[in-house]
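Engineer: A single structure is presented below for examination.
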Amino acid sequence: MRIFKDQIETYNKIINKYNTIFNGDKLDFNSIVNSAVAELLQSDFDFKNLKNYNYYTKGSNSWAYKYVKLNYDLWKQIAEKLDFKNLPKNIQEDKIDNVVNTALSKATDLKWRLRKEVIDAWDKEDDKDIIDWKKAIIDNNGWTIDKLMRVLKAIGAVQNLNDYHDKSVGKIYQTKCPLCDKEDCRNTRHVDWIIDNGSIPYYNCIKCEEKGTIIKLLNELHYVKLLNGIDAVSFIYSVLYSHGKVDLTKNVRNDVEVKKAREERQKEEELKREKAGWLAEQILEECTKDNWYLFRKKFKKEDLGFDVYYRDFNMSELQDKDAKYWSNVFRGCCIYAIKDDRGNIIGLKGRRTGKFIAKGKIRDKEEDILEIVKEDEWFSKQKNELVKKLKINLKDTKTDDTLYLLYKYVENPWEIDKLVIVEGEKDALRIASQNIKGVAVVASFGCALKDKQVELIKKYFNSTLLKKDIEIVLVYDNDVEGAKGNIRAYKKLKKAGFTNIVFGNYVNDKYKDAGDMYWRDMHTAKMQLIIPLVYTNLTIKDYVKRCKERGFDIDEEIKGLDELKEARIEIKNNEAKDFWTAQAEEWKKENDTISNAEQLVEQPEEITFDINAERTADWFATLIKLAEKEAGSFVIDIDAEVASLQENGKEEWFKEFMRRYGELPYNILLIVAKVEAKIKAREMLLARFRKQAVVDDAANDNYIPF
196 MRIFKDQIET YNKIINKYNT IFNGDKLDFN SIVNSAVAEL LQSDFDFKNL
246 KNYNYYTKGS NSWAYKYVKL NYDLWKQIAE KLDFKNLPKN IQEDKIDNVV
296 NTALSKATDL KWRLRKEVID AWDKEDDKDI IDWKKAIIDN NGWTIDKLMR
346 VLKAIGAVQN LNDYHDKSVG KIYQTKCPLC DKEDCRNTRH VDWIIDNGSI
396 PYYNCIKCEE KGTIIKLLNE LHYVKLLNGI DAVSFIYSVL YSHGKVDLTK
446 NVRNDVEVKK AREERQKEEE LKREKAGWLA EQILEECTKD NWYLFRKKFK
496 KEDLGFDVYY RDFNMSELQD KDAKYWSNVF RGCCIYAIKD DRGNIIGLKG
546 RRTGKFIAKG KIRDKEEDIL EIVKEDEWFS KQKNELVKKL KINLKDTKTD
596 DTLYLLYKYV ENPWEIDKLV IVEGEKDALR IASQNIKGVA VVASFGCALK
646 DKQVELIKKY FNSTLLKKDI EIVLVYDNDV EGAKGNIRAY KKLKKAGFTN
696 IVFGNYVNDK YKDAGDMYWR DMHTAKMQLI IPLVYTNLTI KDYVKRCKER
746 GFDIDEEIKG LDELKEARIE IKNNEAKDFW TAQAEEWKKE NDTISNAEQL
796 VEQPEEITFD INAERTADWF ATLIKLAEKE AGSFVIDIDA EVASLQENGK
846 EEWFKEFMRR YGELPYNILL IVAKVEAKIK AREMLLARFR KQAVVDDAAN
896 DNYIPF
């Protein structure tokens with residue numbers, strides 16, 4: 196049967212999640228189709244208006260063959276309605292396909308009935324499909340003032356469901372401001388809520404001037420802490436539509452069934468995890484610590500500990516059938532042992548290393564792996580495509596509720612000052628192998644930090660436990676997907692209450708991730724690449740700016756970031772053009788040598804100047820006026836100053852500069868600015884120079900990156 200791919204995708208999501216939860220009551224595509232067709236036949240649909248899809252020419256890539264056995268009674272009803280007696284067999288088949296595709300597209304009640312059952316039994320709050328379904332239910336049912344007040348009461352913003360004023364006959368309502376009005380503020384209603392034809396409520400406070408949707412309100416820091424990690428959409432859904440209150444659905448399973456199904460699923464997952472751990476231990480018995488692949492990448496044996504292994508190409512001799520099969524699958528792999536926070540092995544992740552080395556270079560790309568598969572007798576006989584994959588996981592290896600290497604730090608978390616979060620296992624090993632004092636390194640197995648991983652970070656690195664605010668450094672890969680993941684992780688960690696969050700500083704963009712940061716001399720690589728990556732003061736504003744400069748499309752990720760609100764307003768008003776860029780454009784027109792041979796005429800007006808004020812365009816204009824006013828007869832060679840700065844470093848150069856020109860403070864500021872523009876440095880050298888000291892644990896010396 197030919198079914199459109201969008202319908203297959205829609206229903207497959209429902210089927211997969213349904214069967215994950217309700218283990219004893221399996222759902223398949225066949226039953227979905229028969230239910231949808233039955234509902235179509237029982238409806239008032241006029242089969243004379245049945246659309247005739249062209250399956251032969253147009254849209255040939257939009258459908259796929261799917262084996263479906265249609266109930267005979269249903270087929271008979273369709274045959275009667277469409278008069279199959281007078282139609283050839285191929286036309287009958289086309290008509291049946293048309294009926295099925297029409298039925299699936301119109302089976303709204305069926306889709307939402309099944310989705311509702313899944314939603315009420317699902318216990319993973321970070322699932323995107325579940326959140327999208329909840330949002331659709333909320334939107335499809337529309338908003339009213341009663342629903343809004345129930346949500347506001349649930350977060351404690353109002354005490355009474357009737358505590359509102361109807362300002363515009365069913366469209367604009369006034370309530371207390373959930374952000375700035377306190378409980379003891381009686382009869383104060385500073386917020387206008389607009390609910391236009393059931394659309395999502397939009398608020399505007401005349402007191403604190405905050406505005407946005409109810410979703411934005413729940414994402415404010417105060418309410419994020421109150422919700423304790425629960426997504427805003429999930430919270431609204433739980434208030435309005437839990438326990439079968441949604442109008443779109445019917446025949447919802449009762450709470451007892453849902454609870455039982457959830458317990459069964461959790462029990463099954465625990466058994467799978469235990470089995471995966473046992474299989475992993477069996478496979479590791481046939482592995483070696485002689486990991487030539489990582490040794491070629493400048494790792495040492497002592498760097499790898501008990502977390503990394505190598506499985507050679509020898510055939511497995513294990514007795515257990517499953518263990519033997521999976522051990523053979525992992526042949527020729529660098530294997531990472533996945534452990535929970537207590538150090539128990541719960542699975543394996545493998546990376547095929549290739550088998551051949553040509554001219555000192557590792558051949559480990561997909562085409563190299565395919566060559567190995569063809570030449571290997573066991574691999575070539577396997578029908579499972581897994582043997583051709585570059586990266587593989589042992590079956591039932593779950594990584595969304597653990598972090599790679601986390602178990603190493605949970606015994607003494609108070610010794611940790613800095614937590615570095617990277618994408619991959621090799622990235623984590625590269626930084627961890629440097630043994631930097633006070634630094635913990637974990638990997639999230641990809642560029643998506645999961646909610647359960649955030650909970651683990653809160654559990655072991657919260658300020659209450661550690662008696663200090665730990666610094667979190669986000670070091671996902673140096674590409675657009677890594678940047679998106681970094682920003683999403685930043686949002687999640689902020690919601691979780693962490694405030695000291697910075698971003699890894701890739702000083703050389705040719706390195707995609709920390710795992711690639713190796714030279715012949717690893718000490719040099721550590722000091723020039725890894726230390727600056729970890730010891731960074733790159734804020735969210737700085738990081739977003741850097742991503743934009745590199746052309747990364749992160750507009751969707753930075754939505755809702757209050758830290759960028761001021762910058763976005765400036766951009767809208769065309770006031771945020773970087774001063775140094777503007778100055779550099781002007782200075783290109785000037786000579787590199789500044790000469791003031793003649794005394795300038797002083798301005799009659801008194802000029803006031805605050806050196807600590809915000810560095811606006813007016814601030815610099817005033818600075819230039821003062822510099823001109825106080826200038827004597829002197830010549831500064833900018834190129835010479837740049838050379839001196841690069842040769843001697845910031846501190847020594849600045850001391851010498853002050854010795855020579857100390858009586859001209861405003862000119863010093865101005866000239867320092869010009870020197871900085873010349874070398875295109877990022878930090879402003881305006882009378883202040885920050886020193887970033889990093890202690891190298893091995894040599895105990897200071898490293899000051901220039």
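One gets the numbering used here by counting positions in the sequence shown from 1 and adding 195 to each. A virtual CB, placed ideally from N, CA and C, is assigned to each residue, including glycine.
1. How many angstroms separate the CA atom of C529 from the CA atom of L651?
2. Assuming Y359 and I340 form a contact by the criterion Cβ under 8 Å, report the distance between their Cβ atoms to the nearest whole angstrom.
3. Are the region 255-271 and the region 220-228 in contact at 8 Å, needing three or more beta carbon pairs?
4. Candidates V637, L614, L309: which alpha carbon is nearest F217's?
5. Of all the options I332, I626, E415, which has the alpha carbon lying nearest to the alpha carbon of C372?
6. Does P396 pass the burial test, meaning 16 or more other C-beta atoms within 10 Å, or should it be called exposed?
7. For L669, write down the residues that DSSP places opposite it in a beta bridge.
8. Run the CB neighbour count on H718, radius 10 Å, all protein chains shown included, and call it buried at 16 or more, exposed below.
9. I want to check one thing, is the minimum distance from the CB of T215 to the heavy atoms of the ligand ADP below 8 Å?
10. Between L601 and D536, is the Cβ-Cβ spacing less than 9 Å?
11. Kindly list the residues whose CB is nearer than 6 Å to the CB of N211, restricted to its own chain and excluding five residues on each side of it in sequence; keep chain order.
12. Using a threshold of 9 Å, state whether the C-beta atoms of I332 and Y436 are closer than that.
13. Note down the Cα distance separating N703 from L724, rounded to an integer number of angstroms.
14. Determine, for R491, whether the minimum Cβ-Cβ distance to residues of chain C falls below 9 Å.
15. What are the start and end residues of each continuous beta strand (DSSP E) run of 3 or more residues lying completely inside the region 334-396, in chain order?
16. Which same chain residues, not among the five before or five after K586, have their C-beta less than 8 Å away from its C-beta?
17. Nearest to K593 by CA position, among D315, A471, I425, W307, is which residue?
18. Among G641, T370, I541, F693, whose alpha-carbon lies nearest the alpha-carbon of E902?
19. Name the residue from I726, E758, L412, V605 whose alpha carbon lies nearest to the alpha carbon of D737.
20. With DSSP as the reference, label V568 as helix, strand or coil.
21. Pick from L489, K284, F494: whose alpha carbon is nearest that of Q629?
22. Assuming L277 and F242 form a contact by the criterion Cβ under 8 Å, report the distance between their Cβ atoms to the nearest whole angstrom.
23. For the beta strand (DSSP E) that contains I198, what are its first and last residues?
24. In chain order, what residues of the same chain have a beta carbon less than 7 Å from the beta carbon of A475, not counting five sequence neighbours either side?
25. Sort out for me which residues DSSP pairs A259 with in a bridge.
26. Which residue wins for smallest C-alpha separation from F199, given the options L299, L624, K519?
27. Taking the continuous alpha helix (DSSP H) assigned at G677, which residues delimit it?
28. Excluding sequence positions up to five away, which residues of its chain have a Cβ less than 8 Å from the Cβ of V295?
29. Between the C-alpha atoms of I326 and F430, what's the straight-line distance to the nearest angstrom?
30. In whole angstroms, give me the CA-to-CA distance for G699 and Y505.
31. Does the distance from the C-beta atom of D315 to that of N247 stay below 9 Å?
32. Label Q354 either buried or exposed according to how many other C-beta atoms from any shown protein chain fall within 10 Å of its C-beta, with 16 as the threshold for buried.
33. Taking the alpha helix (DSSP H) that Y488 falls in, what are its first and last residues?
34. Check G542 in the structure and name its three-state DSSP category.
35. Under three-state DSSP, which class holds Y602?
36. Taking the alpha-carbon of E752 as reference, which of Y267, A678, V582, A720 has the nearest alpha-carbon?
Structural biologist: In this structure, then:
1. Indexing the sequence shown from 1 puts residue 529 at position 334. Indexing the sequence shown from 1 puts residue 651 at position 456. Using only the alpha carbons, I get a separation of about 27 Å.
2. The residue labelled residue 359 in the question sits at position 164 within the sequence shown. The residue labelled residue 340 in the question sits at position 145 within the sequence shown. Their Cβ separation, rounded to whole angstroms, is 6 Å, which keeps Y359 and I340 in contact under 8 Å.
3. Contact between the region 255-271 and the region 220-228 is present: 3 or more CB-CB pairs across the two stretches fall below 8 Å.
4. Your numbering for residue 217 matches position 22 in the sequence shown. In terms of CA proximity to F217, L309 leads the group V637, L614, L309.
5. Start at 1 with the first residue of the sequence shown, and residue 372 comes out as number 177. For C372, the closest of I332, I626, E415 by C-alpha to C-alpha distance is E415.
6. Taking the sequence shown and counting its residues from 1, the one referred to as residue 396 is at position 201. Buried, since its Cβ has 16 or more Cβ neighbours within 10 Å.
7. On the sequence shown, position 474 is the one that residue 669 refers to. I616, F698, per the DSSP bridge assignment.
8. Translated into the one-based positions of the sequence shown, residue 718 becomes position 523. Label assigned to H718: exposed.
9. This structure simply doesn't include the ligand ADP, nor any ligand for that matter.
10. By 1-based counting over the sequence shown, the position of residue 601 is 406. By 1-based counting over the sequence shown, the position of residue 536 is 341. For L601 and D536, yes; Cβs fall inside 9 Å.
11. Taking the sequence shown and counting its residues from 1, one reaches residue 211 at position 16. If we look at N211 and ignore the five residues flanking it on each side, it has no Cβ neighbours.
12. On the sequence shown, position 137 is the one that residue 332 refers to. On the sequence shown, position 241 is the one that residue 436 refers to. Closer than 9 Å, so yes.
13. As a working note, residue 703 is residue 508 in the sequence shown. As a working note, residue 724 is residue 529 in the sequence shown. Cα to Cα, the separation comes out at about 8 Å.
14. The chain inventory of the structure shown lacks chain C, comprising one protein chain alone.
15. Look at the region 334-396 and you find these whole runs of beta strand (DSSP E), each 3 residues long or longer: 367-370, 386-389.
16. As a first step, residue 586 is located in the sequence shown; it is residue number 391 there, counting from the start. Residues of the same chain with a CB within less than 8 Å of the CB of K586, apart from the 5 flanking positions on each side, are K544, G545, R546, R547 in chain order.
17. By 1-based counting over the sequence shown, the position of residue 593 is 398. Of the candidates D315, A471, I425, W307, the one whose C-alpha sits nearest the C-alpha of K593 is A471.
18. Missing from the structure shown is residue 902; the chain here goes from 196 to 901 and no further.
19. Here residue 737 refers to the residue found at position 542 of the sequence shown. Of I726, E758, L412, V605, the residue nearest in Cα terms is E758.
20. Residue mapping note: residue 568 aligns to position 373 of the sequence shown, counting from 1. Of the three classes helix, strand and coil, the one that applies to V568 here is helix, per DSSP.
21. Your numbering for residue 629 matches position 434 in the sequence shown. Considering only alpha carbons, the answer is F494.
22. If you number the sequence shown from 1, residue 277 lands on position 82. If you number the sequence shown from 1, residue 242 lands on position 47. 6 Å between Cβ atoms; contact.
23. The residue labelled residue 198 in the question sits at position 3 within the sequence shown. That run of the beta strand (DSSP E) goes 197-199.
24. Locating residue 475 in the sequence shown gives position 280, where the first residue counts as 1. The residues are A532, I540, G542, L543, L589.
25. If you number the sequence shown from 1, residue 259 lands on position 64. BP columns for A259 point to I198.
26. Residue numbering aside, residue 199 sits at position 4 when the sequence shown is read from its first letter. Comparing Cα-Cα distances from F199 to each of L299, L624, K519, the minimum goes to L299.
27. Here residue 677 refers to the residue found at position 482 of the sequence shown. Under the DSSP assignment, G677 falls in the alpha helix (DSSP H) whose first and last residues are 675-690.
28. Position 100 of the sequence shown holds residue 295. Same-chain partners within the cutoff: M196, I198, V228, A231, V232, V263, L265.
29. For the purposes of this step, residue 326 is taken as the residue at position 131 of the sequence shown. For the purposes of this step, residue 430 is taken as the residue at position 235 of the sequence shown. Each residue's Cα considered, the two are about 10 Å apart.
30. Your numbering for residue 699 matches position 504 in the sequence shown. Your numbering for residue 505 matches position 310 in the sequence shown. Taking the straight line from one Cα to the other gives about 30 Å.
31. Taking the first residue of the sequence shown as position 1, residue 315 is located at position 120. Taking the first residue of the sequence shown as position 1, residue 247 is located at position 52. Contact flag unset, no.
32. Your numbering for residue 354 matches position 159 in the sequence shown. With fewer than 16 Cβ atoms within 10 Å of its Cβ, Q354 is classed as exposed.
33. Within the sequence shown, the letter at position 293 stands for residue 488. Its alpha helix (DSSP H) spans residues 487-490.
34. Residue 542 sits at position 347 when you count from the first residue of the sequence shown. Note: G542 maps to strand in three-state DSSP.
35. In the sequence shown, residue 602 corresponds to position 407, counting from 1. Correct three-state label for Y602: helix.
36. Numbered from 1 along the sequence shown, position 557 holds the residue referred to as residue 752. Measuring C-alpha to C-alpha distances from E752 to each of Y267, A678, V582, A720 identifies A678 as the nearest.
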